[in-house]
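Q: Okay, handing you the structure first.
2 protein chains.
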Amino acid sequence: MTTTLASGTDLFARHRETLDRAREAIRTRAYFSAYPESASGKVYGETAAAEGKAAFEARLGRPFVLDQPSTGESTSTERSPYGLPLAVQYQAADVDALLAAAVQAGAAWGAASPEERVGVALEALARINARSFEMAHAAMHTTGQAFMMAFQAAGPHAQDRALEAIPYAYNEMARIPASVTWEKPGKETLRVAKTFRVVPRGIDLTIGCSTFPTWNAYPGLFASLVTGNAVVVKPHPQAVLPLAITVEVLQGVLREAGFDPRVVTLAVDTSDRPLAKVLAQRSEVALIDYTGSTGFGDWLEENAHALVFTEKAGVNGVVIDSTNDLSGMARNLAMSLSLYSGQMCTTPQNLFVPKDGIVAGGERVSFDAVVGALVGAIDALLGEPARAAGVLGAIATDATLHRIDEENAKPGVVRKSAAAANPEFPDARVRTPLVAVVDAADRERYEREAFGPIAFVVRTADTDESLRLATGEAQREGAITAIVHTTDDAVLAKAEGWARDGKVNLAVNFTGSLLVNQSAAFSDYHVTGGNPSGNASLTDAAFVANRFRVIETRTPLA
Amino acid sequence: MTTTLASGTDLFARHRETLDRAREAIRTRAYFSAYPESASGKVYGETAAAEGKAAFEARLGRPFVLDQPSTGESTSTERSPYGLPLAVQYQAADVDALLAAAVQAGAAWGAASPEERVGVALEALARINARSFEMAHAAMHTTGQAFMMAFQAAGPHAQDRALEAIPYAYNEMARIPASVTWEKPGKETLRVAKTFRVVPRGIDLTIGCSTFPTWNAYPGLFASLVTGNAVVVKPHPQAVLPLAITVEVLQGVLREAGFDPRVVTLAVDTSDRPLAKVLAQRSEVALIDYTGSTGFGDWLEENAHALVFTEKAGVNGVVIDSTNDLSGMARNLAMSLSLYSGQMCTTPQNLFVPKDGIVAGGERVSFDAVVGALVGAIDALLGEPARAAGVLGAIATDATLHRIDEENAKPGVVRKSAAAANPEFPDARVRTPLVAVVDAADRERYEREAFGPIAFVVRTADTDESLRLATGEAQREGAITAIVHTTDDAVLAKAEGWARDGKVNLAVNFTGSLLVNQSAAFSDYHVTGGNPSGNASLTDAAFVANRFRVIETRTPLA
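Those protein sequences? They're chains L and S, same order as listed.
Each residue of the first sequence is one higher than the one before, starting from 72 at the first, in the numbering used here.
Each residue of the second sequence is one higher than the one before, starting from 72 at the first, in the numbering used here.
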């Protein structure tokens with residue numbers, strides 16, 4: 072163990088104000104952000120951008136060494152969707168040794184005070200924030216996000232989401248008094264000294280995804296850490312680097328604060344020899360945080376003995392009934408469908424439009440004209456190559472490319488997905504959104520997740536049918552977002568019924584710059600945890616309160 | 072729907088002070104009780120005892136009719152352990168119709184405000200409290216508890232435990248603002264109206280047990296109700312009446328407050344045709360609260376798609392290292408083992424004593440002398456028949472009687488369990504505690520739950536071995552209570568390690584009137600939820616926070 076440079080208690084004092092501001096933010100759910108989303112030199116320093124890029128480039132083709140047991144072999148599974156050679160080499164995980172190290176490191180970590188652990192976590196977040204440019208390049212070249220999106224989503228927005236989870240967890244622990252004297256009145260007063268100690272559950276296994284490796288992993292990772300659990304991070308083979316950097320920073324702060332750095336470790340695997348199932352079935356693993364495909368998420372929910380928090384996938388609906396701003400609606404939807412080529416769990420998929428069209432600005436607009444407005448808005452958005460590249464990013468996985476090719480060949484496609492050029496990265500694999508028109512009866516085609524830049528306009532009898540179909544698919548397949556466009560209060564009330572019965576958050580008349588894809592830390596609940604798209608919400612009390620237990624001692628007093 | 076006599080809002084105002092006092096109590100965890108545990112006429116009224124007994128007697132041999140669908144058949148499965156004929160006839164549940172009614176009734180209940188629901192729940196608790204004498208007889212003649220214990224445990228103590236769960240759940244809901252205006256600063260300020268609505272998960276299935284039908288069922292039942300879920304109560308066939316009375320009171324208050332009374336219904340089954348598994352697998356059931364055997368609890372945890380809260384069984388340990396009060400220790404243990412004939416999930420089972428004996432009051436006392444002190448204390452406690460009857464109660468089930476007979480025939484028994492007379496009820500089936508001495512190596516015999524008046528004194532090499540065995544059995548088999556007797560701070564520290572690693576609450580040097588069996592609402596966490604004896608604790612935030620979800624709407628403002 073190295074010398075302690077700053078104890079957890081020191082770090083808690085250093086970041087106390089940030090914690091208190093975050094506590095207030097989760098209480099009010101008004102706007103708050105602790106980590107600036109502007110990548111300007113004024114905020115992060117004039118040299119930050121260049122230094123971050125250099126730090127990223129220095130990783131390439133080199134071993135990435137963390138303080139943890141390994142088999143001695145190395146793995147290298149990432150491929151940049153922009154065509155840049157990466158070849159970062161990670162230590163292959165030795166599962167037995169890794170879990171033994173986590174158990175060992177976890178003992179002192181679990182015995183530390185909540186304040187010490189919160190101090191370490193907040194210091195790590197501050198250091199991760201300082202490395203947001205390096206993180207941006209790491210996220211861009213693993214997920215395929217465009218640079219600015221990668222900067223924000225993998226950087227400050229992910230850090231805010233982590234910061235949100237910490238006061239939730241801290242509040243739950245702080246509500247429990249450390250000790251009380253219990254006095255029961257009676258003929259003879261009964262006096263008992265009671266102590267209440269927060270103890271961790273065990274090891275948390277955090278399973279990352281390929282598209283938002285930090286944003287989705289941080290809430291569970293940080294909530295488990297501050298409640299005293301050691302964490303083994305199992306990244307997606309396509310998006311290791313952002314989480315490897317995260318673990319490196321955490322290990323550094325742990326070491327400096329006098330803890331065993333192996334409180335947090337990285338378990339890298341390959342598609343050929345996946346480790347998630349192996350780790351999930353180990354008795355040392357008491358908590359699992361998972362973001363990824365529905366299939367494996369369902370398996371975890373049904374088979375793991377650990378307490379499981381999942382974000383899987385859904386089929387997101389848009390019910391278009393009427394609008395006062397057809398072009399604003401079309402522009403907003405075009406951006407939602409195009410952003411990061413539809414590779415967001417929040418991207419709309421099915422747009423329900425009545426066959427007789429809608430009323431827009433007091434005029435009746437035909438079904439075909441609504442479709443035309445949408446397609447026209449997508450074309451306009453992506454007409455300029457540099458802007459298109461900044462919106463679309465690149466396609467993360469081969470599976471999504473194949474899915475696009477398959478859908479392009481099916482009937483009803485009114486806008487084909489096509490390759491597009493990226494002026495900066497000639498080898499980037501970029502695809503524009505596909506729009507297909509289908510009938511309401513064609514549920515087999517549209518009522519399953521079509522991940523990527525694929526949207527269906529579903530022709531319905533009327534808005535009542537639209538709402539019925541949207542509710543049913545949220546209940547059966549899950550949904551993470553829902554949009555209604557209507558100028559009619561009666562329809563709005565019915566749409567609120569869709570949200571209630573489908574247990575999905577609802578966006579009403581989004582026609583401006585706010586996108587349904589975006590979910591703001593401290594204010595928006597991401598995933599409700601009430602439909603098949605996931606069993607947990609980021610972040611609420613249920614997400615944190617069961618990550619620790621309370622052990623009580625009673626000692627009668629004379 | 073009948074006329075509303077007092078709305079939920081009225082009832083909330085009526086009971087606001089009780090709610091606030093309970094909120095303060097869970098914050099401080101100091102002593103609090105809202106419902107008097109004294110059965111005196113001064114508290115409940117001079118006629119309450121006689122009226123309660125008459126009300127109970129008026130139930131016998133008659134149909135018990137609730138406002139809910141039924142097959143038309145009736146069932147009668149209860150048998151008084153005191154030999155009194157009961158023959159209360161309950162409506163057999165029609166599962167399809169019952170769940171359909173619960174779904175229908177649940178719609179308006181889920182749409183009501185948290186305050187309305189809390190008002191209904193608190194009014195029901197006040198009325199249940201007024202019927203504590205009727206409840207006492209109902210509990211006594213189904214569970215076998217002696218009258219005073221039945222009065223307290225099934226009456227005021229259960230009511231306090233219900234009242235504890237309500238502010239926990241209410242606090243979680245009240246922390247979520249109903250609406251906010253979210254303003255993100257920037258070149259153009261983004262303004263969004265957000266609403267947050269608490270919605271229930273669905274139907275809660277509350278599965279009751281045979282020994283503490285109300286005490287164990289109330290926390291989940293009331294937590295689920297105030298969070299908006301309809302509840303189907305499935306009582307143990309041996310202990311229906313206490314929960315039937317509860318449902319009757321709840322239905323009455325619901326009806327008067329303008330709600331469909333079928334928000335709460337009773338699903339009575341028989342041992343031949345059990346309904347728990349059938350109900351647990353229904354898609355309408357989103358929450359399950361279970362108290363009972365480990366086997367079925369494990370099955371629920373592994374197989375139910377609903378969110379499951381369990382209290383199963385454990386093997387409770389006592390580590391005897393040293394004491395300043397040998398006779399106080401022996402008397403306290405004798406009472407803990409004898410109370411309700413050991414039919415409590417909190418009753419100690421395995422008493423670990425070093426083979427070379429212990430130091431008591433500065434003197435070395437041999438192993439045999441420690442055993443002798445314990446057996447002597449049990450004999451002294453039960454020497455007087457009327458007092459013995461008040462302590463022991465009666466044996467609830469045939470399975471426990473058979474278990475006693477089997478253990479009586481095994482080697483090492485130093486105190487045989489024997490039948491005992493009950494002066495008031497000649498047909499009562501009463502058994503005194505059995506004590507057997509076994510070796511540490513004989514784990515197959517003592518390291519499984521021996522429910523009922525059966526205790527093992529386990530001869531160990533030393534206290535370190537005692538602690539190691541006690542920790543292991545808590546981890547493998549689960550434990551709900553743990554006792555250490557020691558005068559040595561180093562041993563006490565190690566015992567705290569047992570509590571931490573076995574995730575079990577610890578009682579230290581209990582030599583007076585406080586028993587490890589007792590768990591006080593508002594202060595003691597009953598079951599930690601961290602070992603195999605159960606996955607939930609009564610009551611903490613984790614017990615309530617996931618019984619509802621939050622649905623958000625976002626509407627951009629101009």
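Ideal Cβ placement from N, Cα and C applies to all residues, glycine included.
Treat the numbers as computed from the prediction; the structure is a model and nothing was measured.
Proline 494 of chain L: buried (16+ other C-beta within 10 angstroms of its C-beta) or exposed?
A: The sequence position of residue 494 of chain L within the first sequence is 423, counting from 1. It counts as exposed.
Q: Within the 9 Å Cβ cut-off, does serine 594 of chain S reach chain L?
A: Taking the second sequence and counting its residues from 1, the one referred to as residue 594 of chain S is at position 523. True, the Cβ-Cβ gap to chain L drops below 9 Å.
Q: Would you kindly report the start and end of the unbroken beta strand (DSSP E) that includes isoleucine 466 of chain S?
A: The sequence position of residue 466 of chain S within the second sequence is 395, counting from 1. Isoleucine 466 of chain S -> no beta strand (DSSP E), and no H or E assigned at all.
Q: Under a Cβ-count criterion, where at least 16 other Cβ atoms within 10 Å of its own Cβ denotes burial, should threonine 341 of chain S be classed as buried or exposed?
A: Looking up residue 341 of chain S in the second sequence gives position 270. Classification of threonine 341 of chain S: exposed, given that the 10 Å Cβ count is below 16.
Q: Excluding five sequence neighbours on each side, which residues of the same chain lie with their C-beta closer than 7 Å to the C-beta of lysine 255 of chain S?
A: Here the question's residue 255 of chain S lines up with position 184 in the second sequence. Answer for lysine 255 of chain S: Leu261, listed in chain order.
Q: Tell me whether the stretch 163-176 of chain S and the stretch 350-359 of chain S touch, counting them as touching only if at least three CB pairs, one residue from each stretch, are closer than 8 Å.
A: Short answer: they touch.
Q: Please check the pair proline 284 of chain L and leucine 314 of chain L, which I expect to be a contact at CB under 8 Å, by giving their CB distance rounded to whole angstroms.
A: Counted from its first residue, the first sequence places residue 284 of chain L at position 213. Counted from its first residue, the first sequence places residue 314 of chain L at position 243. Contact holds; Cβ gap of about 5 Å.
Q: For the alpha helix (DSSP H) containing alanine 182 of chain L, name the first residue and the last one.
A: Numbered from 1 along the first sequence, position 111 holds the residue referred to as residue 182 of chain L. 166-182 is the span of the alpha helix (DSSP H), which, as asked, contains alanine 182 of chain L.
Q: Going along the chain, which residues of its own chain have a beta-carbon closer than 7 Å to the beta-carbon of valine 349 of chain S, five neighbours each way excluded?
A: The count along the second sequence starts at 1 and reaches residue 349 of chain S at position 278. Answer for valine 349 of chain S: Val166, listed in chain order.
Q: Could you tell me if proline 156 of chain L is buried or exposed, where buried requires 16 or more neighbouring beta carbons within 10 angstroms of its beta carbon?
A: Residue 156 of chain L sits at position 85 when you count from the first residue of the first sequence. Counting Cβ neighbours within 10 Å, proline 156 of chain L comes out exposed, since fewer than 16 surround it.
Q: Name the chain L residues that come within less than 7 Å of aspartate 396 of chain S, Cβ to Cβ?
A: For the purposes of this step, residue 396 of chain S is taken as the residue at position 325 of the second sequence. Here the premise fails: no neighbours, minimum Cβ distance about 11 Å.
Q: Going by the beta-carbon positions, is the gap between glycine 634 of chain S and alanine 182 of chain S smaller than 9 Å?
A: Past the boundaries of the shown model lies residue 634 of chain S; chain S is included only from 72 to 629, so the question cannot be answered.
Q: Is valine 615 of chain S near alanine 294 of chain S, with beta carbons less than 9 Å apart?
A: Sequence index remark: in the second sequence, residue 615 of chain S carries index 544 (1-based). Sequence index remark: in the second sequence, residue 294 of chain S carries index 223 (1-based). Contact: yes.
Q: Going along the chain, which residues of its own chain have a beta-carbon closer than 8 Å to the beta-carbon of alanine 532 of chain S, five neighbours each way excluded?
A: One-based indexing of the second sequence puts residue 532 of chain S at position 461. Pro425, Lys426, Ala511, listed in sequence order.
Q: For valine 339 of chain L versus proline 308 of chain L, is the C-beta distance shorter than 9 Å?
A: Taking the first residue of the first sequence as position 1, residue 339 of chain L is located at position 268. Taking the first residue of the first sequence as position 1, residue 308 of chain L is located at position 237. In this structure, proline 308 of chain L lies closer than 9 Å to valine 339 of chain L by Cβ.
Q: Residues of chain L with CB under 8 Å from serine 620 of chain S, in chain order?
A: Position 549 of the second sequence, counted from the first residue, corresponds to residue 620 of chain S. Residue identity check: residue 620 of chain S is arginine in the sequence provided, not serine. Residues of chain L passing the Cβ test: Lys574, Thr599, Gly600, Gly601, Ser608.
Q: Please report how far the alpha carbon of alanine 125 of chain L lies from the alpha carbon of asparagine 374 of chain L, in whole angstroms.
A: Here residue 125 of chain L refers to the residue found at position 54 of the first sequence. Here residue 374 of chain L refers to the residue found at position 303 of the first sequence. One C-alpha to the other measures close to 44 Å.
Q: What residue does the beta strand (DSSP E) around histidine 634 of chain L start on, and which one ends it?
A: Outside the modelled stretch of chain L, which goes from 72 to 629, sits residue 634 of chain L, for which no answer is possible.
Q: When the Cα atoms are used, what is the spatial distance from alanine 591 of chain S to glutamate 518 of chain L?
A: Walking along the second sequence from the start, residue 591 of chain S turns up at place 520. Walking along the first sequence from the start, residue 518 of chain L turns up at place 447. In a straight line, the C-alpha of alanine 591 of chain S is about 51 Å away from that of glutamate 518 of chain L.
Q: Quick one: which residues of the stretch 86-101 of chain S get their C-beta closer than 8 Å to a C-beta of chain L? List them in chain order.
A: The stretch 86-101 of chain S vs chain L, Cβ under 8 Å: Arg98, Thr99, Arg100, Ala101.
Q: Arginine 268 of chain S by DSSP, collapsed to three states: which one?
A: Your numbering for residue 268 of chain S matches position 197 in the second sequence. Note: arginine 268 of chain S maps to strand in three-state DSSP.
Q: Measuring straight from C-alpha to C-alpha, what distance separates threonine 148 of chain L and arginine 344 of chain L?
A: Here the question's residue 148 of chain L lines up with position 77 in the first sequence. Here the question's residue 344 of chain L lines up with position 273 in the first sequence. The alpha-carbon atoms of threonine 148 of chain L and arginine 344 of chain L are separated by roughly 12 Å.
Q: My output table needs one value for glutamate 149 of chain L: the three-state DSSP class, helix, strand or coil.
A: Looking up residue 149 of chain L in the first sequence gives position 78. In this structure, glutamate 149 of chain L counts as coil in the three-state DSSP scheme.
Q: With C-beta atoms as the reference, is serine 604 of chain S less than 9 Å away from cysteine 416 of chain S?
A: Here the question's residue 604 of chain S lines up with position 533 in the second sequence. Here the question's residue 416 of chain S lines up with position 345 in the second sequence. Yes, the Cβ-Cβ distance between serine 604 of chain S and cysteine 416 of chain S is below 9 Å.
Q: Please give me, in chain order, every unbroken run of the beta strand (DSSP E) with length at least 3 that falls completely inside the stretch 431-455 of chain L.
A: Counting only runs of 3 or more, we get 434-436.
Q: Please report the distance separating the alpha-carbon of threonine 557 of chain S from that of threonine 277 of chain L.
A: On the second sequence, residue 557 of chain S is found 486 positions in, with the first residue counted as 1. On the first sequence, residue 277 of chain L is found 206 positions in, with the first residue counted as 1. About 41 Å.
Q: In the stretch 526-606 of chain S, which residue ranges form an unbroken alpha helix (DSSP H) of at least 4 residues, counting only runs that do not cross its ends?
A: Runs of the alpha helix (DSSP H) inside the stretch 526-606 of chain S: 534-548, 560-573.
Q: Closer than 9 Å by beta-carbon distance: list the chain L residues that pair up with proline 627 of chain S, in chain order.
A: For the purposes of this step, residue 627 of chain S is taken as the residue at position 556 of the second sequence. Ala578, Val579, Asn580, Phe581, Thr582, Gly583, Ser584, Leu585, listed in chain order.
Q: Name the chain S residues that come within less than 9 Å of leucine 261 of chain L, Cβ to Cβ?
A: For this step, residue 261 of chain L is matched to residue 190 along the first sequence. Near leucine 261 of chain L (Cβ distances below 9 Å), the residues of chain S are Tyr102, Gly583, Ser584, Leu585.
Q: Taking the continuous beta strand (DSSP E) assigned at serine 250 of chain S, which residues delimit it?
A: To locate residue 250 of chain S, count along the second sequence from 1; it is residue 179. Note, serine 250 of chain S: beta strand (DSSP E), 250-255.
Q: Could you name the residues of chain L that tryptophan 253 of chain S contacts, counting a contact when the two beta carbons are closer than 8 Å?
A: Taking the first residue of the second sequence as 1, we reach residue 253 of chain S at position 182. Residues of chain L passing the Cβ test: Arg100, Ala101, Tyr102, Ala591, Ser594.
Q: Who are the Cβ neighbours of arginine 268 of chain S in its own chain at under 6 Å, not counting the five residues just before and after it?
A: Start at 1 with the first residue of the second sequence, and residue 268 of chain S comes out as number 197. Within the same chain, arginine 268 of chain S has close Cβ partners Ile622.
Q: If you reduce the DSSP assignment to three classes, tell me which class threonine 365 of chain S lands in.
A: Stepping through the second sequence from its first residue, residue 365 of chain S is reached at position 294. DSSP places threonine 365 of chain S in helix when its eight states are reduced to three.
Q: Are the CB atoms of threonine 610 of chain S and isoleucine 199 of chain S nearer to each other than 9 Å?
A: Taking the second sequence and counting its residues from 1, one reaches residue 610 of chain S at position 539. Taking the second sequence and counting its residues from 1, one reaches residue 199 of chain S at position 128. For threonine 610 of chain S and isoleucine 199 of chain S, no; Cβs fall outside 9 Å.
Q: Terminal residues of the continuous alpha helix (DSSP H) containing arginine 85 of chain S?
A: Mapped onto the second sequence, residue 85 of chain S falls at position 14. Its alpha helix (DSSP H) spans residues 79-85.
Q: Taking alanine 507 of chain L as part of the beta strand (DSSP E), name the residues at either end of that continuous run.
A: As a working mapping, residue 507 of chain L is identified with position 436 in the first sequence. Note, alanine 507 of chain L: beta strand (DSSP E), 505-510.
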